[in-house]
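Let me begin by presenting the structure, written as structure tokens, before commenting on it.
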Amino acid sequence: MLEIKDLHVHYGGIHALRGISLNIEEGKIISLVGANGAGKSTTLKAIMSLIQKTSGSVINDGKDITNEKTKNIVKGGVILTPEGRRVFPDLTVDENIALGAYTRKDKVEIAKDRNWVFELFPRLEERKWQAAGTLSGGEQQMLAVARSLMGRPKLLMMDEPSLGLAPLIVKSIFSIIKEINKAGVNVLLIEQNAKAALEISDYGYVMETGVITISGTGKELLGNDQVRKAYLGE
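Under full-length UniProt numbering, the first residue of the sequence shown carries the number 1, and numbering increases by one thereafter.
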């Protein structure tokens with residue numbers, strides 16, 4: 001599906017990504033875990049061409065998108081739900097959702113997808129005429145995901161979807177991620193909540209200071225002593 005090969009990124013004098021390589025296979029949930037500043041968000045931004053890459057390549061479905069423009073990457077089915085939700089606070093829930101389909105022209109299919117995201121997030125349908133800025137944090141996170149799904153992603157990349165949310169809402173968000181994956185959307189998940197992420201992941205990568213240090217199935221990483229001590233509080 002998507003392959004990153006030997007990716008390097010510099011911020012001024014800082015070598016933020018130091019030759020990382022990873023694969024997102026078809027039908028899978030993949031997690032990228034690590035501490036703050038490890039380079040996780042930088043990885044997603046580099047994939048989306050939101051920041052410049054120093055070297056390396058990004059291949060999507062066999063096509064080299066390393067230097068592709070962000071809008072074309074989105075049209076190619078790779079979509080990022082950013083950290084911090086980034087909803088449009090003065091627009092309604094429904095208007096935010098509609099903006100997620102801005103690259104599409106297929107009105108009948110857009111209407112079907114709108115119905116689907118309201119099935120996934122019934123709370124959003126109840127509040128569809130409400131200004132997005134008046135929603136709770138959990139509802140805004142649901143809206144950010146729903147808006148991304150309206151772009152009909154083949155790969156949905158999610159940056160810290162559980163950040164700042166109550167435990168009950170976190171459980172709901174992770175349940176919905178599994179539902180999205182079952183519907184045929186590949187997922188690349190960045191999370192500081194390593195336990196919750198790895199529990200739903202087919203495969204995971206651990207990142208430290210711009211380098212992938214450990215990789216394995218979600219189950220393998222949950223049982224890895226080094227991962228448990230560093231990220232699972234054990």
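Beta carbons are placed, not taken as given, at the ideal position from N, Cα and C, and that holds for glycine.
Values in this document were obtained by computation on a predicted structure and should not be read as measured data.
Per DSSP, the continuous alpha helix (DSSP H) segment holding K182 begins and ends at 167 to 182. Cβ atoms of R18 and V227 stay farther apart than 8 Å, at about 20 Å. Taking 8 Å as the cut-off, the beta carbon of G218 is found closer than this to the beta carbon of L198. For K229, the closest alpha carbon among the candidates Y203, K195, T209 is that of K195. The alpha carbon of W116 has as its nearest neighbour, out of M157, V206, R152, E220, the alpha carbon of R152.
Of N67, A46, V33, D94, the smallest CA-CA separation from P122 is found for D94. Along the length of the stretch 46 to 106, whole alpha helix (DSSP H) runs at least 4 residues long occupy 70 to 75, 93 to 99, reported in chain order. Residue pairing by DSSP puts M158 in a beta bridge opposite T81, L189. Under the DSSP assignment, D225 falls in the alpha helix (DSSP H) whose first and last residues are 225 to 231. Around the beta carbon of G223, fewer than 16 other beta carbons lie within 10 angstroms, which makes this residue exposed.
Under the 8 Å Cβ criterion, the stretch 80 to 95 counts as touching the stretch 132 to 146, having at least three qualifying pairs.
Counting the other Cβ atoms within 10 Å of the Cβ of P161 gives 16 or more, which makes it buried. Using a Cβ-Cβ distance cut-off of 8 Å, the stretch 200 to 211 and the stretch 29 to 38 are in contact, since at least three pairs of beta carbons, one from each stretch, lie closer than that value. Looking at the DSSP output, S148 shares a beta bridge with no other residue. Approximately 6 Å separates the beta-carbon atoms of M207 and K40; this is inside 8 Å, confirming the contact.
If you look at R127, you'll find it isn't in any beta strand (DSSP E); DSSP assigns it neither H nor E. In the structure shown, the three-state DSSP call for G133 is helix. With the rule of 3 Cβ pairs closer than 8 Å, the stretch 4 to 17 counts as touching the stretch 34 to 54.
By the CB criterion at 8 Å, F118 and E125 fall inside the cutoff. Contact between S148 and G100 holds: their C-beta atoms lie close to 6 Å from each other, under 8 Å.
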